[in-house]
Structure formats: C-alpha cells, structure tokens
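The sequence shown lines up with residues 1 to 346 when you count with full-length UniProt numbering.
I have placed the structure first, in the form of structure tokens, so that the comments after it can refer back to it.
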Amino acid sequence: MTTDEPARAGTRTASDFALLSRRISAAGLLDPAPTHYVGRALVLASVAAATVTAFVLLGSSWWQLAVAAVAAAVYGQIALLAHDIAHRQVFRSRTVSAWAGRLVGNLGIGMAYGWWMQKHTRHHADPNHIGRDPDVAPGSLAFTTDQARASHGPARFLVRHQDALFFPVLTLSGLDLRRAGIAGLLRGRMPLRRTELALVATHITAYLTALFVLLPPGLAVAFLAVHQCLFGVYLGSIFAPNHKGMEMPTERMDFLRKQVLTSRNVRGGRLTDGLLHVAMGGLNHQIEHHLFPSMPTPHQRRARVVVREFCAEVGVPYHETTLLGSWAEMLAALRAAAAPLRRVPA
Numbered sequence: 001m002t003t004d005e006p007a008r009a010g011t012r013t014a015s016d017f018a019l020l021s022r023r024i025s026a027a028g029l030l031d032p033a034p035t036h037y038v039g040r041a042l043v044l045a046s047v048a049a050a051t052v053t054a055f056v057l058l059g060s061s062w063w064q065l066a067v068a069a070v071a072a073a074v075y076g077q078i079a080l081l082a083h084d085i086a087h088r089q090v091f092r093s094r095t096v097s098a099w100a101g102r103l104v105g106n107l108g109i110g111m112a113y114g115w116w117m118q119k120h121t122r123h124h125a126d127p128n129h130i131g132r133d134p135d136v137a138p139g140s141l142a143f144t145t146d147q148a149r150a151s152h153g154p155a156r157f158l159v160r161h162q163d164a165l166f167f168p169v170l171t172l173s174g175l176d177l178r179r180a181g182i183a184g185l186l187r188g189r190m191p192l193r194r195t196e197l198a199l200v201a202t203h204i205t206a207y208l209t210a211l212f213v214l215l216p217p218g219l220a221v222a223f224l225a226v227h228q229c230l231f232g233v234y235l236g237s238i239f240a241p242n243h244k245g246m247e248m249p250t251e252r253m254d255f256l257r258k259q260v261l262t263s264r265n266v267r268g269g270r271l272t273d274g275l276l277h278v279a280m281g282g283l284n285h286q287i288e289h290h291l292f293p294s295m296p297t298p299h300q301r302r303a304r305v306v307v308r309e310f311c312a313e314v315g316v317p318y319h320e321t322t323l324l325g326s327w328a329e330m331l332a333a334l335r336a337a338a339a340p341l342r343r344v345p346a
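Shown next, in the form of structure tokens:
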C-alpha cells in the first residue's frame with residue numbers, strides 16, 4: 001500500500017489520521033479565517049452593546065426579563081468565541097490566545113479561562129474515557145451503571161431520574177461552572193492565577209452592581225435568575241449532545257477512531273443548517289472539531305464532506321443526527337445508565 005492509499009477498512013492505524021490530515025491541509029481547511037472572526041466579533045459586540053443599552057433605558061420595567069433572555073444568548077456566544085480562541089482558531093500565537101481568552105472569558109462573562117482550559121484539554125485528549133475525561137466524571141449525573149450505583153445522598157435521587165431532570169439541572173450549570181472555576185483558581189497552580197481571579201471578580205462586581213443599582217431588588221433577582229438559568233441551558237444544550245450517548249472507550253484507540261467514535265455531529269435542514277451552525281458556534285461539527293481543534297469554525301462545513309468520505313473509505317462509523325435526535329439519544333443513554341437505581345430501592 002502506498003502512502004497515498006487509505007488504510008484497509010477497519011484497520012487500526014495511526015497512518016489513517018496522517019492521510020486525512022494531508023487531505024484537509026491540501027484543501028486549505030486549516031488556514032486562518034481572520035475576516036470571519038473580525039466580522040463575528042463586531043456583530044457580537046454590537047448585539048452586546050444594544051443589549052446593555054436596552055437594559056439601561058428600560059429601567060424598572062418587567063420587560064427587563066426579555067433583555068435577560070437576550071443577554072443569556074449573548075453570554076453563550078461570548079463563551080463560544082472564547083472556546084475558539086482557546087483552540088487557537090482566532091490567533092495562532094499561544095500567548096496572544098491566552099490573553100484574549102482571559103479577557104473574553106474571565107472579564108467578559110466571569111468564567112475562569114485557565115481552569116477551563118486545563119479541563120477542556122483533558123477532555124480533548126481522551127473524550128468519553130472514564131477516569132480521564134473530566135466531562136464524564138461522576139457528579140449530579142452518572143454516565144455508566146457503575147457511576148449510578150456509586151451515587152449517594154441527594155445526587156442519587158438526581159441520577160435515578162436524570163433523564164427527566166437533565167434540562168432542569170442545566171439551569172444551574174452556568175453558575176456551577178463559575179463556582180468550579182473560581183475554586184480551581186483558588187486551589188490550582190496555573191499561570192497568572194491572581195490575574196484571572198481579579199478579572200473574574202471585576203466582572204462579577206460590575207454585573208451585580210449594575211443589577212442592584214439600576215433595578216429594584218425583586219426585579220434584579222428575577223433578571224439574574226432568568227439570565228443565568230437560560231445561559232446554563234443554552235450552553236448545556238450545545239455541549240452535552242456532542243458526546244453523551246456515544247462510545248465510551250475502555251481500551252486504547254488510535255487518534256482517528258478515538259475522536260470519531262466518541263463524537264456526534266448535529267445537522268440541520270436545508271434552510272436551518274446555517275442558523276444551527278451559528279447557534280452552536282460550529283460545535284455541531286463536533287467530529288471535525290475533535291479531529292482538527294485549531295480548524296477555524298467557517299471551514300468545518302467543507303471539512304465535513306472530506307471527513308465523511310474518508311471515514312467511509314477506512315470503515316469508521318461517522319454518526320450525525322438532528323438536534324432533537326441528539327437530545328433523544330443523549331437522554332436515552334442517561335436513562336440506561338441510571339437503570340440499576342430504578343430496579344432496586346434507592
């Protein structure tokens with residue numbers, strides 16, 4: 001077999017990814033996309049400015065809750081931009097990316113960039129691998145029957161009904177990410193830890209001051225609840241369907257299979273695919289993202305065609321479904337993991 005021929009179907013070899021990588025690179029799909037990110041940043045900044053303006057002008061009106069819903073979407077889009085920055089899709093320089101990530105993540109939405117970066121790097125290295133991927137560590141959810149059996153206390157009740165409670169639990173996920181991030185910064189050893197803490201503290205202080213100075217206490221609390229809960233649901237609805245319910249490796253795999261078999265793409269219809277791509281920040285092309293994390297978001301749709309064809313050549317299953325289908329598969333997997341708790345007294 002020459003170096004230009006694909007590996008035989010089903011063969012587990014590191015050369016598969018090398019060949020795919022050459023095809024992707026030759027198509028220019030790893031090239032920077034500065035125009036996209038400049039435009040995206042300008043649009044996001046404009047929408048954010050309009051949202052802040054509406055917040056200030058509306059005053060004590062209960063229409064502020066509509067502003068809170070829009071602000072949740074804005075925060076979600078800022079988080080997705082920070083994600084692209086972290087993967088060096090926006091800036092090739094590691095140093096520039098790190099500082100941009102801190103400004104966008106820590107100062108922009110109060111998320112601990114350094115802590116999240118460490119966590120997310122581990123996820124990309126071993127997606128869905130129990131004991132290695134922090135995103136499938138036991139907590140308020142269980143991803144295997146063993147995790148479900150080991151749950152106890154209030155978490156056991158949540159796990160037992162986790163398929164039904166999944167979306168309600170997401171309402172707290174944004175706040176929990178902040179809590180975990182701050183805790184990680186306080187106890188961890190990471191670069192510029194104090195700077196990151198100061199940026200997060202600045203965001204939280206400015207946010208709470210604006211709420212409780214410009215709004216009556218009751219409305220301020222309502223705004224905070226709507227904003228943060230919808231932000232959590234938005235993020236969780238984007239990130240969770242990408243891997244939950246997909247293969248959970250227990251043995252060593254080559255890079256191509258480790259990333260493709262544990263990931264799920266989400267597709268839209270002819271008229272909705274573009275909107276879905278924007279709403280999910282490109283994470284609907286999760287397979288391509290995991291194979292090529294530094295690939296700029298606007299190139300992923302073209303890369304999908306190349307990756308699908310290559311996976312068919314080498315006999316690697318490539319899974320994609322609709323957004324509703326991804327949620328259904330994810331919830332079914334959560335229900336299956338919790339099955340032992342429904343067969344015996346909790």
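The C-beta atom is built at its ideal place from N, Cα and C for all residues, glycine as well.
Same chain only: Cβ atoms within 6 Å of residue i, ignoring 5 sequence neighbours per side
{"i": "Leu185", "result": "Ala112, Trp115, Arg193, Glu196, Leu197"}
{"i": "Tyr318", "result": "Arg308, Cys311"}
{"i": "Leu170", "result": "Gly232, Val233, Gly236"}
{"i": "Lys119", "result": "Pro134"}
{"i": "Phe55", "result": "Val67"}
{"i": "Gly101", "result": "Ala82, Ile85, Ala86, Tyr113"}
{"i": "Pro138", "result": "Gln147"}
{"i": "Gly10", "result": "Confidence is the limiting factor: at Gly10 the pLDDT is only 48, short of 50, which leaves the residue's position unreliable and the question unanswerable from this model."}
{"i": "Arg122", "result": "Pro134"}
Cβ neighbours of residue i in the same chain (closer than 8 Å, five flanking residues each side left out)
{"i": "Leu103", "result": "Leu199"}
{"i": "Ala48", "result": "Val74, Ile78"}
{"i": "Arg302", "result": "Ala27, Leu29"}
{"i": "Leu20", "result": "Leu256, Leu291, Val306, Val307, Phe310"}
{"i": "His124", "result": "His290, Pro293"}
{"i": "Leu219", "result": "Ser60, Trp62, Gln64"}
{"i": "Thr51", "result": "Val67, Val70, Ala71, Val74"}
{"i": "Gly110", "result": "Arg178, Val200, His203, Ile204, Tyr207"}
{"i": "Ala210", "result": "Phe55"}
{"i": "Leu141", "result": "Leu158, Val159, Gln162, Phe166, Val169, Leu334"}
Check: residue i C-beta below 7 Å from any heavy atom of the ligand SAM
{"i": "Tyr75", "result": "For the structure depicted, the ligand SAM is absent and the ligand set is empty, with no information on it obtainable."}
Identity of the residue in the options nearest residue i by Cα
{"i": "Ala98", "options": "Leu172, Asp146, Pro191", "result": "Pro191"}
{"i": "Asn128", "options": "His243, Ser25, Thr145", "result": "His243"}
{"i": "Ile238", "options": "Leu276, Thr262, Leu208, His227", "result": "Leu276"}
{"i": "Val316", "options": "Ala180, Ser263, Leu177, Arg156", "result": "Ser263"}
{"i": "Leu261", "options": "Val226, Gly274, Val314, Pro296", "result": "Val314"}
{"i": "residue 368", "options": "Leu175, Val226, Gly188", "result": "Limits of the chain in this structure are 1 at one end and 346 at the other, which puts residue 368 out of reach."}
{"i": "Trp327", "options": "Gly108, Arg22, Pro138, Ala164", "result": "Ala164"}
{"i": "Ile86", "options": "Met295, Ala18, Ser173", "result": "With the sequence shown as reference, residue 86 is identified as Ala, and Ile is not the correct amino acid for it. Nearest option by C-alpha distance: Met295."}
{"i": "Phe17", "options": "Ala148, Val226, Ser46, Ile287", "result": "Ile287"}
{"i": "Val226", "options": "Thr297, Leu172, Gln162, Ala150", "result": "Leu172"}
{"i": "Leu44", "options": "Ala150, Gly76, Met117, Thr145", "result": "Gly76"}
{"i": "Ala180", "options": "Met117, Leu211, Asp126", "result": "Met117"}
{"i": "Ile24", "options": "Arg304, Arg122, Ala336, Ser140", "result": "Arg304"}
{"i": "Gly105", "options": "Ile182, Lys258, Leu42", "result": "Ile182"}
{"i": "Lys258", "options": "Asp126, Asp273, Arg40, Leu158", "result": "Asp126"}
{"i": "Arg343", "options": "Arg149, Arg187, Val96", "result": "Arg149"}
{"i": "Gly108", "options": "Ala41, Asp254, Arg252", "result": "Ala41"}
{"i": "Thr297", "options": "Gly39, Ser15, Arg22", "result": "Gly39"}
{"i": "Arg88", "options": "Asp31, Asp254, Arg252, Met253", "result": "Asp31"}
Contact set for residue i: own chain, Cβ-Cβ below 7 Å, skip 5 residues either direction
{"i": "Ala222", "result": "Leu65"}
{"i": "Tyr37", "result": "Val90"}
{"i": "Phe167", "result": "Val233"}
{"i": "Gly153", "result": "none"}
{"i": "His299", "result": "Leu29, Ala33"}
{"i": "Ala333", "result": "Lys244, Gly245"}
{"i": "Ala240", "result": "Met330"}
{"i": "Asp273", "result": "Arg267"}
{"i": "Cys229", "result": "Thr171"}
{"i": "Gly188", "result": "Trp115"}
One or two residues paired with residue i in a DSSP bridge
{"i": "Asn265", "result": "Glu320"}
Taking three-plus beta-carbon pairs below 8 Å as touching, is the segment 122-136 in contact with the segment 240-251?
-> yes
Do three or more CB pairs link the segment 81-100 to the segment 275-295 at distances below 8 Å?
-> The segment 81-100, when compared against the segment 275-295, does touch it at the 8 Å Cβ threshold.
Would you check if there are 3 or more beta carbon pairs closer than 8 Å linking the segment 206-217 to the segment 54-69?
-> yes
Does the count of Cβ pairs from the segment 257-272 and the segment 318-336 closer than 8 Å reach three?
-> yes
Beta strand (DSSP E) segments (min. 3 residues) lying fully within the segment 51-82 = none
Any chance you could list the beta strand (DSSP E) runs of at least 3 consecutive residues sitting entirely within the segment 237-311, in chain order?
-> 265-267
Would you mind listing the beta strand (DSSP E) stretches within the segment 112-190 that are 3+ residues and don't spill past its ends, in chain order?
-> none
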